[in-house]
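In the numbering used here, the protein residues as written are 110 to 412. Everything on this sheet refers to the single structure shown next.
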Amino acid sequence: MATDLVPDSERTGLIGALPRAMRPYASLMRVDRPIGTWLLYWPCAWSVALAGVRGHWMLFAWLLLGAFVMRSAGCVYNDIVDKDLDVRVERTKLRPLASGRVSVRSAWTLVIGLSLVGLVVLLQLGRVAQALALLSLAPVAAYPFMKRITWWPQAWLGLVFSWGALVGWPAVTGEFELPALILWLGSIFWVIGYDTLYAIQDIEDDALVGVKSSARAMGDRARLGVGVCYALALVGWGAAIWLVRPDPLALLALLPAALHLARQVAKTDPADGSGALALFRSNRFTGLLLFLGFLAVGLSSVE
Numbered sequence: 110m111a112t113d114l115v116p117d118s119e120r121t122g123l124i125g126a127l128p129r130a131m132r133p134y135a136s137l138m139r140v141d142r143p144i145g146t147w148l149l150y151w152p153c154a155w156s157v158a159l160a161g162v163r164g165h166w167m168l169f170a171w172l173l174l175g176a177f178v179m180r181s182a183g184c185v186y187n188d189i190v191d192k193d194l195d196v197r198v199e200r201t202k203l204r205p206l207a208s209g210r211v212s213v214r215s216a217w218t219l220v221i222g223l224s225l226v227g228l229v230v231l232l233q234l235g236r237v238a239q240a241l242a243l244l245s246l247a248p249v250a251a252y253p254f255m256k257r258i259t260w261w262p263q264a265w266l267g268l269v270f271s272w273g274a275l276v277g278w279p280a281v282t283g284e285f286e287l288p289a290l291i292l293w294l295g296s297i298f299w300v301i302g303y304d305t306l307y308a309i310q311d312i313e314d315d316a317l318v319g320v321k322s323s324a325r326a327m328g329d330r331a332r333l334g335v336g337v338c339y340a341l342a343l344v345g346w347g348a349a350i351w352l353v354r355p356d357p358l359a360l361l362a363l364l365p366a367a368l369h370l371a372r373q374v375a376k377t378d379p380a381d382g383s384g385a386l387a388l389f390r391s392n393r394f395t396g397l398l399l400f401l402g403f404l405a406v407g408l409s410s411v412e
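Here is the structure:
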């Protein structure tokens, strides 16, 4: 009997090492797929780095913990909202809520527990950063419904998954300033690009159940669309760097990430779902390349 298995999860993997009773909850949290945590974390880390850190090195650890628990809470909440849709999609029909292995009440209890850990992280931040972090709750709550009403739920996800760029800067400086806003705007286009890649694998199922996505909207032009999104992201990131250090040489910090993103675009094939998923996952490395660049610029700009 294999009812404790979901796609992308194995009995012999991280979830398989847990006691049987814990496996459905770990699946809800996607603990076997850390890519989502990394993608939520990187804009936080970029913002702290570009602000110059200024001795606040522990922020990187606190924000990583926050990214893990809030991404996990978001996944559980998303599955609560999407329970009836997930039953109708091959890739998601064995998820714990869709398959009935976890009750909705238990799922809500898990969301509350994870959110309390997030509150501990929130208390480590200054008041401006706290206020900005709390403002993210409304768009987070609305996200699961976007694919029912718009062809561009990836744009809404961009608002949410880039939000850390707004929080990291004031967590360092105590003030919300323009570079954080520009960094956030650039990151939104990055998210639209990589989540379009992710959505390619679900095009057929999404069409059957009436779920909208940028991948369906772009169709055969997905490669061009992803390329445009990544180009706009680089423009935004470059503008943020320029505001911190107006030096053409500072823009070279973006070169490694730009080359990596160009490779993703070149390999994008709207008919290759598994290939698109691999490209999507490679964005954790994009995040690392950008982090190193932003850190170099930020540290060199602190007086």
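Every residue gets a Cβ at the ideal spot worked out from N, C-alpha and C, and that includes glycine. From a predicted model like this one, the values you see are computed outputs, not experimental measurements.
Residue i in three-state terms, based on DSSP
| i | result |
| --- | --- |
| lysine 376 | helix |
| proline 143 | coil |
| glycine 382 | helix |
| arginine 214 | helix |
| histidine 369 | helix |
| leucine 114 | Residue placement at leucine 114 cannot be trusted, given a pLDDT of 48 that sits under 50; what the coordinates show is reported in the next sentence. Here leucine 114 sits in coil by DSSP. |
| lysine 256 | helix |
| lysine 202 | coil |
| glycine 161 | coil |
| glutamine 263 | helix |
| arginine 390 | helix |
| glutamine 310 | coil |
| glycine 209 | coil |
| lysine 192 | helix |
| phenylalanine 400 | helix |
Residues near residue i by beta carbon distance below 6 Å, same chain, minus five either side
| i | result |
| --- | --- |
| tryptophan 293 | Ser271, Ala274 and Leu275 |
| tryptophan 261 | Ser323 |
| glycine 295 | Ala342, Gly345 and Trp346 |
| alanine 326 | Trp260 |
| arginine 210 | Pro133 |
| glutamine 233 | Trp171 |
Own chain, CB closer than 8 Å to residue i, minus 5 neighbours either side, in chain order
| i | result |
| --- | --- |
| serine 383 | Gln310 |
| leucine 360 | Gly347, Ile350 and Trp351 |
Close beta carbons around residue i, own chain, < 7 Å, minus the five adjacent residues each side
| i | result |
| --- | --- |
| valine 411 | Gly161 and Arg163 |
| histidine 369 | Phe394, Thr395 and Leu398 |
| tryptophan 147 | Arg393 and Gly396 |
Test item: CB-CB of residue i and residue j under 8 Å
| i | j | result |
| --- | --- | --- |
| alanine 90 | isoleucine 258 | With the chain covering only 110 through 412, there is no way to say anything about residue 90. |
| leucine 386 | glutamine 373 | no |
| leucine 168 | valine 230 | no |
| proline 355 | leucine 159 | no |
| lysine 256 | lysine 321 | yes |
| phenylalanine 400 | tryptophan 151 | yes |
| tyrosine 252 | glycine 302 | no |
| glutamine 263 | aspartate 304 | yes |
8 Å Cβ cutoff, residue i in contact with chain C
| i | result |
| --- | --- |
| methionine 255 | The structure shown contains no chain C; it is built from a single protein chain. |
Spell out a yes or no on whether the region 178 to 193 and the region 217 to 226 are touching, meaning 3 or more CB-CB pairs, one atom from each, closer than 8 Å.
-> Output reads yes: the region 217 to 226 touches the region 178 to 193.
For the 8 Å Cβ check, are there 3 or more pairs between the region 280 to 296 and the region 233 to 241?
-> Cβ pair count under 8 Å is three or more, so yes.
Is there contact between the region 359 to 367 and the region 300 to 310, where contact requires at least three CB pairs shorter than 8 Å?
-> Too few Cβ pairs lie closer than 8 Å, so no.
Three or more beta-carbon pairs under 8 Å between the region 331 to 339 and the region 191 to 201, yes or no?
-> No, the region 331 to 339 does not touch the region 191 to 201.
Segment contact flag, the region 170 to 178 with the region 138 to 153, C-beta cutoff 8 Å, min 3 pairs | Touching, yes, given that three or more Cβ pairs across the two stretches are closer than 8 Å.
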